[in-house]
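Protein chains: 2
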Amino acid sequence: MDDPKTVFWLSAHPEPRSLNGQLRRMGIKHLKSTGHHVVESDLYAMGWDPVVRGDGLVEAGQRFDPTGDTKRAYIEGSLPSDVRGEQAKLQDADAVVVQFPLWWYAVPAILKGWFDRVLVSGFAFGKDPDTGQRLRFEKGPFQGKRVLVLVTLGDRPRAIGPRGKSGELCELLFGLLHGTFAYTGMVVLPPMAFPSADFTDNESYADMEHALHDRLDQLFETQPIHYRPQFQGDYTEEWELVPEVRPGETGLSTHVIDDHERPS
Amino acid sequence: MDDPKTVFWLSAHPEPRSLNGQLRRMGIKHLKSTGHHVVESDLYAMGWDPVVRGDGLVEAGQRFDPTGDTKRAYIEGSLPSDVRGEQAKLQDADAVVVQFPLWWYAVPAILKGWFDRVLVSGFAFGKDPDTGQRLRFEKGPFQGKRVLVLVTLGDRPRAIGPRGKSGELCELLFGLLHGTFAYTGMVVLPPMAFPSADFTDNESYADMEHALHDRLDQLFETQPIHYRPQFQGDYTEEWELVPEVRPGETGLSTHVIDDHERPS
């Protein structure tokens, strides 16, 4: 490999001998074998605490403001050491792989609490102190960092397709892909789903492994999801699409730039 | 009140002196004043553990299957006592109010872990042991139980409107409203949002309080979101809309029955 990168593999499954555990080990091994440096956070193995609390951030009995007090602690360097450790891993990464089982059509609590605790104001978003420019989306601090979601789920493939009852996967995960990753400036790759996970046999597992290798090989080349930029005229000051963009249309897909909208 | 009901108020905010804490106390007081019985779970105050673990469910060193082992423990009555306590509260409730601040466009980790740990197979969904019928959506165990989401958020109102950048609220929360509440059989009310929460002053707070009283007064009369039933021909066996329903359309809103589809 000409250009080795640092990949941060963030995962959340309670059982190492699960399909998730197997895919994790195999994916990390593959990335290393292709020359990348891999940094890991296996949240269950680490005993990660997912709960945002004021303890240590404000004096006992003081009112705790989750946004303001974590921002202040970030600036002062007084966030808990586990949070600072995760921030350093994310900061140093060229790409992030976020792997989880879909529980109640969302990330497991232990992983949600990684976002809640690690992505504090000042670190993951903020304002330019000189210009007042909001630092998010295309101005976000994590510009250029690629993120790939790997998700196992029990539903069959069509249930997360465009007319699937569980919701098309990118729409179902909009708050994560757009509201979290794109918000902080990351380059969001199409997520990779492993449906029918409870019915994995040796043959289907071999297919999964092969497909995952392919996606990891393309980690730095895959075309991302083209979410609209925030500050280039597509949205009003109230964060609503201007009337000229996709006139009359609604729905989450309006926030993705259509192929025919892009200059060829 | 002729017909007092039991309302379960489930909430998650770390600071009682927050807007969330104030709305919670006020809402509960109002429900009681109108004759309802209110049961509470204030997850931060309870020190709720949000992490699904195999401890106590499988022998040390045994492989842990989050779905299968919690189902078995539910049937045997050996789930942890905190989980059983929450299940009893939910079981006994005529309506549930679920209140939270929107963190990273989703529920806080401590609340996500309530769903992860409490809504186990056998309790919140399952199969009829005699007929093999899947017990979910209109066959789900919580049929008739109403659920109202109250959510505070920093964004301004239009950001969560039909063309808002953060995603229209019901679409943003699809995994919760549809994939969790409707899945288990609940009657899902349109969620109530408190946007611009960081800019609340006395006047806007008075408006919030008034609006919340109105919604709580209508808790048992409000028209719910008309999600499609699962077993009445709208979906294939693969959980995909049949071609005749909303032909050619995609997006999360296709899973809600349009007014013009319903018999008048």
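The listed protein sequences derive, respectively, from chains W and G. Each step along the first sequence adds one to the number in full-length UniProt numbering, with nothing skipped, and position 81 is 81. Each step along the second sequence adds one to the number in full-length UniProt numbering, with nothing skipped, and position 186 is 186. Ideal placement from N, C-alpha and C gives every residue a C-beta, glycine not left out.
| Query | Result |
| --- | --- |
| Distance CB(L150 of chain G)-CB(Q99 of chain G) smaller than 8 Å | yes |
| For M46 of chain G, the residue or residues it bridges with in DSSP | Answer is none; M46 of chain G lacks a bridge partner. |
| Residues near D92 of chain G in its chain [Cβ-Cβ closer than 8 Å; skip 5 each side] | T6, F8 and V39 |
| Sheet register partners of E40 of chain G (DSSP bridge) | G:W9 |
| Strand pairing of R84 of chain G, partner residues [DSSP] | Note: R84 of chain G sits in no beta bridge, so no partner. |
| Best match in G:L252, G:G113, G:P229 and G:H178 for proximity to V52 of chain G [C-alpha to C-alpha] | G:G113 |
| Secondary structure of K127 of chain G, DSSP reduced to three states | strand |
| S11 of chain W, buried or exposed, once every other Cβ within 10 Å from all chains shown has been counted against 16 | buried |
| Local conformation of residue 265 of chain W per DSSP, three classes | Nothing in the structure corresponds to residue 265 of chain W, since chain W is present only between 1 and 264. |
| Distance between T250 of chain W and G132 of chain G (C-alpha atoms, nearest Å) | 39 Å |
| Under 7 Å from the C-beta of T70 of chain G: neighbouring residues of chain W | In chain order: nothing, as chain W lies at least about 11 Å away. |
| Opposing strand residues paired with R146 of chain W [DSSP bridges] | W:A95 and W:V187 |
| C-beta contact flag for D103 of chain W and D116 of chain G at 8 Å | Just to set this straight, residue 103 of chain W is Trp in the shown sequence, not Asp. Contact flag set, yes. |
| Chain W contact for T180 of chain G (CB, 8 Å cutoff) | yes |
| Residues sharing a beta bridge with L135 of chain W, DSSP | W:G126 |
| Residue-level contact to chain W via CB, Y235 of chain G, 8 Å cutoff | yes |
| Any chain W beta carbon closer than 8 Å to Q257 of chain G | This sequence places Ile at residue 257 of chain G; Gln is not what is there. No, I257 of chain G lies away from the interface with chain W (no Cβ there is under 8 Å from its Cβ). |
| Chain G contact for I225 of chain W (CB, 8 Å cutoff) | no |
| S205 of chain G - DSSP class collapsed to helix/strand/coil | Just to set this straight, residue 205 of chain G is Tyr in the shown sequence, not Ser. Note: Y205 of chain G maps to helix in three-state DSSP. |
| Counterpart residues of G164 of chain W in DSSP-defined beta bridges | G:E240 |
| Selection of the stretch 159–171 of chain G by Cβ proximity to chain W, strictly under 8 Å | A159, G161, P162, R163, G164, K165, S166, G167, E168 and E171 |
| Straight-line gap, L241 of chain G to P229 of chain G (C-alpha atoms, nearest Å) | 11 Å |
| The alpha helix (DSSP H) enclosing F115 of chain G, as first and last residue numbers | A109 to V118 |
| Interface residues of chain G facing G50 of chain W [CB-CB closer than 8 Å] | It is worth fixing the name first, because residue 50 of chain W is Pro in this sequence and not Gly. Those within 8 Å of P50 of chain W in chain G are P50, V51, A109, I110 and G113. |
| The ligand SAM heavy atom lying under 7 Å from the CB of A124 of chain G | As for the ligand SAM, it is missing from this structure, which has no ligand bound. |
| Validate contact between the stretch 133–149 of chain G and the stretch 60–78 of chain G using beta carbons, cut 8 Å, 3 pairs | no |
| Host alpha helix (DSSP H) of E171 of chain G (start-end) | L169 to L172 |
| Near-chain G residues of the stretch 2–13 of chain W (beta-carbon distance less than 9 Å), N- to C-terminal order | H13 |
| Assigned exposure category for S264 of chain G - 16 Cβ within 10 Å defines buried | Note on S264 of chain G: pLDDT 48, under 50, position unreliable in the model; the coordinate value appears next. Burial call: exposed. |
| Distance CB(A211 of chain W)-CB(L153 of chain W) smaller than 8 Å | no |
| G126 of chain W burial status per 10 Å Cβ neighbour count (16 or more: buried) | buried |
| Closer than 8 Å to chain G by CB, T152 of chain W | no |
| Beta-carbon neighbours of T215 of chain W, restricted to chain G and to distances below 7 Å | The amino acid at residue 215 of chain W is misidentified as Thr; the sequence shows Arg. Residues of chain G passing the Cβ test: none, with the nearest at roughly 23 Å. |
| Cβ of T250 of chain G within 8 Å of any chain W Cβ | yes |
| For F100 of chain W, the residue or residues it bridges with in DSSP | W:V151 |
| Where the beta strand (DSSP E) containing F194 of chain W begins and where it ends | M192 to F194 |
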